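Asks: Let me give you the structure first, and then I'll get to my questions.
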Amino acid sequence: MIPAGILLFLTIFLGRFFCGWICPLGSMIDFADLFIKRKRKLTRNTARFRWIKFGVLTALIVMALISVQFAWLFDPLALSNRTFTTSIYPIFAVLIETVFGWLWPITGLQSALMSLHEFLESWLLPLNLHFISQGIPIFLLFLGILLLSLIAKRFWCRNICPLGALLGIFSKYRILERTVRGVDCTNCRICRVDCRINAIEDNFINFSKVECIDAFDCASGCPENAVSYKFKVKGVLPSRIDFSKRRFLQSVGTGVLSAGLLKIDFVNRETRGNRVRPPGALPEAKFLDQCIRCQECVRVCTTTGSLLQPAWLEMGWEGIWSPIGSPREGYCEFTCNLCGRVCPTGAIHLLDLPKKQKTRIGTAFFDRNRCIPWNSGDNCMVCQEHCPTPEKAIIFREGEFITGEKKIKRVKYPYVKEDLCIGCGICVTKCPVEGTAGIFITGEGEERFEEQEF
955 MIPAGILLFL TIFLGRFFCG WICPLGSMID FADLFIKRKR KLTRNTARFR
1005 WIKFGVLTAL IVMALISVQF AWLFDPLALS NRTFTTSIYP IFAVLIETVF
1055 GWLWPITGLQ SALMSLHEFL ESWLLPLNLH FISQGIPIFL LFLGILLLSL
1105 IAKRFWCRNI CPLGALLGIF SKYRILERTV RGVDCTNCRI CRVDCRINAI
1155 EDNFINFSKV ECIDAFDCAS GCPENAVSYK FKVKGVLPSR IDFSKRRFLQ
1205 SVGTGVLSAG LLKIDFVNRE TRGNRVRPPG ALPEAKFLDQ CIRCQECVRV
1255 CTTTGSLLQP AWLEMGWEGI WSPIGSPREG YCEFTCNLCG RVCPTGAIHL
1305 LDLPKKQKTR IGTAFFDRNR CIPWNSGDNC MVCQEHCPTP EKAIIFREGE
1355 FITGEKKIKR VKYPYVKEDL CIGCGICVTK CPVEGTAGIF ITGEGEERFE
1405 EQEF
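Residue numbers (our numbering): 955 to 1408.
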């Protein structure tokens, strides 16, 4: 909250400097713009769409008041990090591993390559190379934002981004003014062509404080050096916000309707119950309110056990892209609490290792139709061998098994001691049964933590 407060405070004086100099999504849009060729050289006037970002902001605030947090979908910081984690990072890791594969046959490089790989694996590369689920739809959303620049420069920032709308409201009375020496201005239009946000008005002198992102392109590109930025305390005039009362009421109605639709639970209890949350997670309703789907926990989990994946509809509409456990893909490393360390919002509490190692995120159960001893009558101890709890949560009891030839054989049947199981999922990950494992994890017995406990 403190960084957000500082940002809003500075915006009152400096305007939307965050959008022009800090926002990672804006930087990526600018980079993509280098490769986009538009039919019209003069950037299109999209002022008639400016109200949309204020409408999105209003709808998101209304939804938040009804306890439906959906700002994460539009937040540029979360959106950038989400795209990097689920789409760009896996591709980057594969490319790095490919380069190592090419260099490995070269005589004399093996020792250096091994040391370098161990170093990279300790902080950057995932332990297991696999693509993160939901990477394609998340990337398509990001690609769509970039392609909006085909219409006009920074179309997303101009007309859709709710953070830009919020900062624009706070910059309405900004004291950092764009000034133009009228005697030197030749009306060459270069400033309007260069402006990424279409903040300069038709007379090339006036500008919208609400829209300007302080990129200073107009000042640096002016051939007559007629444009400059100066602090002006006296006689500051506010800029108008393009948002009518009618649009406001429409946005409020959209927010109420959207919140109602998202609250409708289309997920059955069986599907929801078979999913687990990270250790240290808040109770479900609060978790969904505070989680911004940045995927920081998912990214850091790939460096250890790789349990976490972004959800689709497994946890309902409200749970889209929130982190859930996928134990067939990976497990919760017994000596790891990194997800709590990297969570920026407190949706996942940081548990010290002794507490985390005793925290239940779920419970394991055997599927007797799939488990090798139960189904085939052959002994298998893989699950118990990998169980990390000090006292094994999986035990064996010897019993009889009747074969297809009606013969009786002695088999060690596995059982889960539910009071010892923490639901880490390593038994599911390591299960040798092809396809669906012979053991599964549910959310039964999970422990959630209220904020006041910390």
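Cβ atoms here follow ideal geometry from the backbone N, Cα and C, with glycine treated the same way. Note that the structure is predicted; figures quoted are calculated from it, not measured.
1) Anyone know if the C-beta pair for residue 1336 and residue 1292 falls short of 8 Å?
2) Check whether the region 1140-1151 and the region 1171-1180 are in contact - that is, three or more C-beta pairs closer than 8 Å.
3) Just to confirm my understanding: we take residue 1252, look at its own chain, exclude 5 residues before and 5 after, and list those with CB closer than 8 Å. What are they?
4) Given this structure, state the Cα-to-Cα distance separating residue 1073 from residue 1035, to the nearest angstrom.
5) Would you tell me roughly how many angstroms separate the C-alpha atoms of residue 977 and residue 1031, rounded to the nearest one?
6) Who are the Cβ neighbours of residue 1205 in its own chain at under 6 Å, not counting the five residues just before and after it?
7) Since residue 1110 and residue 1123 are thought to touch, with beta carbons under 8 Å apart, how far apart are those beta carbons, to the nearest angstrom?
8) Suppose only complete runs of 3+ residues qualify. What are the beta strand (DSSP E) ranges in the region 1312-1355, listed by chain order?
9) Which partner residues does residue 1130 have in the DSSP bridge list?
10) Enumerated in chain order, which unbroken segments of the beta strand (DSSP E) with a length of 3 residues or greater are wholly contained in the region 971-996?
11) Does the region 1113-1121 come close enough to the region 965-980 that 3 or more CB-CB pairs lie under 8 Å?
12) Threshold first: 4 residues or longer. Then list the alpha helix (DSSP H) segments lying entirely within the region 1192-1217, N to C.
13) Spell out whether any CB of chain B is found under 8 Å from the CB atom of residue 1012.
14) Hey, out of 1332, 1348 and 1088, whose CA is closest to residue 1370's CA?
15) Take every Cβ of the region 1207-1216, pair it with every Cβ of the region 1012-1026, and state whether three or more of those distances are shorter than 8 Å.
16) Within 10 Å of its beta-carbon, does residue 1289 have 16 or more other beta-carbons around it, so buried, or fewer, so exposed?
17) Could you pull out every residue in the same chain whose Cβ sits closer than 8 Å to the Cβ of residue 1354, ignoring the five residues on either side in sequence?
18) What residue does the alpha helix (DSSP H) around residue 1383 start on, and which one ends it?
19) Is it true that the region 1372-1390 meets the region 1311-1319, where meeting means three or more beta-carbon pairs spaced less than 8 Å apart?
20) Name the DSSP bridge partner or partners of residue 1262?
21) When you compare only the Cα positions, how much space is there between residue 1106 and residue 985?
22) In chain order, which continuous runs of the alpha helix (DSSP H) of length 4 or greater are located wholly inside the region 1078-1155?
Replies: Straight from the coordinates:
1) The answer is no: Cβ separation not under 8 Å.
2) Taking a cut-off of 8 Å for Cβ pairs, the region 1140-1151 and the region 1171-1180 touch, as three or more such pairs fall below it.
3) Result list for residue 1252: 1039, 1040, 1086, 1262, 1263, 1264 and 1277, in chain order.
4) Their Cα atoms are separated by approximately 23 Å.
5) Residue 977 and residue 1031 have their C-alpha atoms spaced approximately 7 Å apart.
6) Counting only Cβ-Cβ distances below 6 Å, and skipping sequence neighbours, we find 1009, 1012 and 1013.
7) No, residue 1110 and residue 1123 are not in contact; Cβ-Cβ is about 18 Å, not under 8 Å.
8) Counting only runs of 3 or more, we get 1317-1320.
9) 1185.
10) Listed in chain order, nothing qualifies, since the region 971-996 has no complete beta strand (DSSP E) run of 3 or more residues.
11) As far as the Cβ criterion goes, the region 965-980 touches the region 1113-1121, which means the pair count is three or higher.
12) The region 1192-1217 is shown to contain whole alpha helix (DSSP H) runs of 4 or more residues at 1199-1217, in chain order.
13) No chain B is part of this structure, which consists of one protein chain only.
14) Nearest C-alpha to residue 1370 among 1332, 1348 and 1088: 1348.
15) Under the Cβ criterion (8 Å, minimum of three pairs), the region 1207-1216 counts as touching the region 1012-1026.
16) When all chains shown are included, residue 1289 counts as exposed.
17) Leaving aside the five residues that flank residue 1354 on each side, the residues in its chain whose CB is nearer than 8 Å to its CB run, in chain order, 1362, 1363, 1364 and 1365.
18) Counting along the chain, the alpha helix (DSSP H) containing residue 1383 begins and ends at 1380-1384.
19) Three or more Cβ pairs drawn from the region 1372-1390 and the region 1311-1319 lie within less than 8 Å of each other, which places the two stretches in contact.
20) According to DSSP, residue 1262 bridges with 1279.
21) Distance between the alpha carbons of residue 1106 and residue 985: 14 Å.
22) Within the region 1078-1155, the complete alpha helix (DSSP H) runs of at least 4 residues are 1089-1101, 1109-1113, 1116-1124 and 1144-1148.
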